[in-house]
Amino acid sequence: MSDTSSRPSGNELLLDDFANVIGPTMGWPPMAGRIAGVLLLSEEPMTVQQLQDELGASAGSVSETTRLLITNGVVRRFKPPGTRHYVYEWRPDAWSACLGHQLRQTEQLRDLAHRAQQEARTLPSLQRRRLREMAAYYDFMVARLNSLLEEYGALT
């Protein structure tokens, strides 16, 4: 008979996967991937204390990381009526919100590209060409992300 007490559970393995794949892929620290995994799998919203207990993390780490996940559109923070503490949950529209966040970031880069292009009129042709290409790339990406957001919204 084998000893399974030292082997991670299915949820632990899944949370490790979230920490090691989603976190770095999204440019997040591993803790963000773990918290995202915990909230994605949780049936109920969780307090900071519950997240700390679940992950063995400090209050500061949980607080900082949940802010990142809120900014990226996958988690929401709210105070249920009649309670003193805020809770965090995986947003029901997390994937649309995440795509919306990517769109807003890309729009900011597109706007930068267009401003730089306007300011660069006196630069040599190589730099002007690079800035034109940058603007064209971000114009393309904004248009496609808008289309994707509309298309995905129609599916949900």
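Count along the sequence shown from 1, then add 469; that gives the number in this note's numbering. Yeah, the Cβ is synthetic: ideal placement off N, Cα and C, and Gly gets one too. None of these values were measured; they are calculated from a predicted model.
Can you tell me the Cα-Cα spacing of residue i and residue j, whole angstroms?
i      : j      : result
Asn615 : Arg546 : 26 Å
Thr473 : Glu576 : Caution applies to Thr473, whose pLDDT of 44 falls short of 50 and renders its modelled position unreliable; the model cannot decide the point.
Glu602 : Gln596 : 10 Å
Val462 : Asp562 : The structure shown does not extend to residue 462, since the chain is modelled only from 470 to 625, so the question has no answer here.
Ser565 : Val611 : 15 Å
Ile491 : Pro498 : 9 Å
Leu538 : Gly496 : 11 Å
Val531 : Glu619 : 33 Å
Met517 : Glu558 : Checking the sequence shown, residue 517 turns out to be Val, not Met. Cα-Cα distance, rounded: 11 Å.
Gly529 : Asp486 : 23 Å
Gly525 : Met500 : 11 Å
Tyr587 : Ala604 : Here residue 587 is Gln; the residue named in the question, Tyr, does not match the sequence. Looking at the two C-alpha atoms, the distance is approximately 11 Å.
Met515 : Arg553 : 13 Å
Leu600 : Leu568 : 25 Å
Tyr621 : Pro593 : 42 Å
Thr494 : Leu482 : 18 Å
Thr625 : Arg560 : 14 Å
Glu458 : Arg536 : In the structure as shown, the chain starts at 470 and stops at 625, and residue 458 therefore has no counterpart that could be examined.
Ala589 : Arg598 : 10 Å
Considering only their Cβ atoms, is the gap separating residue j from residue i smaller than 9 Å?
i      : j      : result
Ser527 : Gln521 : yes
Arg579 : Tyr607 : yes
Val556 : Pro550 : no
Using the beta-carbon count (16 or more within 10 Å), is residue i buried or exposed?
i      : result
Asn541 : buried
Leu484 : buried
Phe609 : exposed
Thr591 : exposed
Ala623 : exposed
Got a sec? Which residues, its chain only, sit under 7 Å from residue i by beta carbon, not counting five neighbours each side?
i      : result
Asn480 : Leu510
Leu617 : Leu568
Ala585 : Leu600
Can you name, in chain order, every residue of its own chain whose Cβ lies under 8 Å from the Cβ of residue i, other than the five neighbours on each side?
i      : result
Gln571 : Leu614
Ala488 : Pro499, Met500, Gly502, Arg503 and Gly506
Which residues in the same chain as residue i place their Cβ atom closer than 6 Å to its Cβ, once the five residues preceding and following it in sequence are excluded?
i      : result
Thr534 : Met500, Ala501 and Ile504
Val507 : Glu523
His583 : Ala604
Counting only C-beta atoms, is residue i closer than 9 Å to chain C at any point?
i      : result
Leu572 : Of the chains in the structure shown, none is chain C; there is only one protein chain.
| said: Could you tell me which whole beta strand (DSSP E) segments of length 3 or greater appear in the segment 514–600? | reply: Within the segment 514–600, the complete beta strand (DSSP E) runs of at least 3 residues are 544–547 and 556–559.
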